[in-house]
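Protein chains in written order, with this note's numbering: chain A, 51 to 162; chain B, 1259 to 1368.
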């Protein structure tokens, strides 16, 4: 069991650029979740997949955010036209069906 | 709606006990507790399910009052390694997203 992995761990970008993050879940887990965490706050739900199907997307998520899980394994989260307010830690978690969610180390995004 | 955690922060000496509370305004299916150290991922501690089932590990216990939609995490004989931020994540039905509280910062001093 290698755990949830995320890449990159850190990303610095200029405002207006697009960024893409990758998450590799625990191998037998069919559910994958994306959360965003800002300093001093708990993780905030963004979206989740069961296999390749995106089952829910937060209403707080603007159209600049998109996520995919094309083969039901790894997932990508893309942010287009980044803004300074997008600076945060982006966390991925996976679970087997709806059981315990295990988190990855996160990708810290800084938008200059 | 975000669950409310209390206290916001607590400082303990090694060996002391602490209780962290989590309260929701919604009917819950489960409450999940995580600990996060600075710059690291949240680490799962315990899950409490509606109906009283409790799953977890380590020397940490918790309770879930379904009538009040409140959960409490009990840390006994605290160790330095217990330091971190504790989050409760609430779930309104099985397999749904977790809605996290703002966290409780715990610092254990020697």
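Positions of the beta carbon are idealized from the N, C-alpha and C atoms, including for glycine.
None of the values given here were measured: they were computed from a predicted structure.
Tell me the rounded alpha-carbon separation between residue i and residue j.
i: residue 105 of chain A; j: residue 99 of chain A; result: 6 Å
i: residue 89 of chain A; j: residue 138 of chain A; result: 8 Å
i: residue 136 of chain A; j: residue 62 of chain A; result: 11 Å
i: residue 1342 of chain B; j: residue 1365 of chain B; result: 7 Å
i: residue 152 of chain A; j: residue 1337 of chain B; result: 24 Å
i: residue 163 of chain A; j: residue 1317 of chain B; result: The question about residue 163 of chain A has no answer here: the residues shown for chain A are numbered 51 through 162.
i: residue 169 of chain A; j: residue 1278 of chain B; result: This structure gives no information on residue 169 of chain A, because the portion of chain A shown stretches from 51 to 162.
i: residue 145 of chain A; j: residue 118 of chain A; result: 17 Å
i: residue 1267 of chain B; j: residue 1273 of chain B; result: 17 Å
i: residue 132 of chain A; j: residue 56 of chain A; result: 19 Å
i: residue 1307 of chain B; j: residue 134 of chain A; result: 39 Å
i: residue 1323 of chain B; j: residue 162 of chain A; result: 45 Å
i: residue 1328 of chain B; j: residue 1260 of chain B; result: 13 Å
i: residue 1294 of chain B; j: residue 120 of chain A; result: 30 Å
i: residue 1332 of chain B; j: residue 1265 of chain B; result: 13 Å
i: residue 1320 of chain B; j: residue 115 of chain A; result: 37 Å
i: residue 1310 of chain B; j: residue 1291 of chain B; result: 15 Å
Which whole-angstrom value is the C-beta distance of residue i and residue j, which I expect to be below 8 Å?
i: residue 84 of chain A; j: residue 70 of chain A; result: Actually they are not in contact, since the Cβ atoms of residue 84 of chain A and residue 70 of chain A sit about 12 Å apart, beyond 8 Å.
i: residue 1289 of chain B; j: residue 95 of chain A; result: About 16 Å; that fails the 8 Å criterion.
i: residue 140 of chain A; j: residue 157 of chain A; result: 5 Å
Kindly indicate which three-state DSSP category residue i falls into: helix, strand or coil?
i: residue 1282 of chain B; result: coil
i: residue 136 of chain A; result: helix
i: residue 1340 of chain B; result: helix
i: residue 124 of chain A; result: coil
i: residue 1318 of chain B; result: strand
i: residue 1263 of chain B; result: strand
i: residue 168 of chain A; result: Because chain A in this structure spans residues 51 to 162, residue 168 of chain A falls outside the shown range and cannot be described.
i: residue 94 of chain A; result: strand
i: residue 144 of chain A; result: strand
i: residue 1324 of chain B; result: coil
i: residue 1330 of chain B; result: strand
i: residue 1308 of chain B; result: coil
Could you work out which residue in the options is closest to residue i when comparing CA atoms only?
i: residue 1352 of chain B; options: A:150, A:142, A:159 and A:143; result: A:150
i: residue 1275 of chain B; options: B:1354, B:1323 and B:1330; result: B:1330
i: residue 124 of chain A; options: A:146, A:112 and A:101; result: A:101
i: residue 1347 of chain B; options: B:1287, B:1266, B:1267 and B:1277; result: B:1287
i: residue 1297 of chain B; options: A:154, A:161 and A:162; result: A:154
i: residue 1367 of chain B; options: B:1334, B:1355, B:1325 and B:1340; result: B:1340
Following a CB-centred definition, is residue i positioned closer than 7 Å to any heavy atom of the ligand ZN?
i: residue 1292 of chain B; result: Ligands are entirely absent from the displayed structure, and the ligand ZN is therefore not among its contents.
Tell me which residues of the stretch 139 to 159 of chain A have at least one Cβ-Cβ distance to chain B shorter than 7 Å, keeping chain order.
Going along the stretch 139 to 159 of chain A in chain order, one finds 141, 147, 148, 150, 151, 152, 153, 154, 155 and 156 with a Cβ nearer than 7 Å to chain B.
Residues of the stretch 1292 to 1313 of chain B whose Cβ lies closer than 8 Å to any Cβ of chain A, in chain order:
The stretch 1292 to 1313 of chain B vs chain A, Cβ under 8 Å: 1292, 1298, 1299, 1300, 1301, 1302, 1305 and 1313.
In the stretch 1336 to 1360 of chain B, which residues sit with their C-beta less than 9 Å from some C-beta in chain A, listed in chain order?
The residues in question are 1343, 1345, 1346, 1347, 1349, 1351, 1352, 1353, 1354, 1355, 1356, 1357, 1358, 1359 and 1360.
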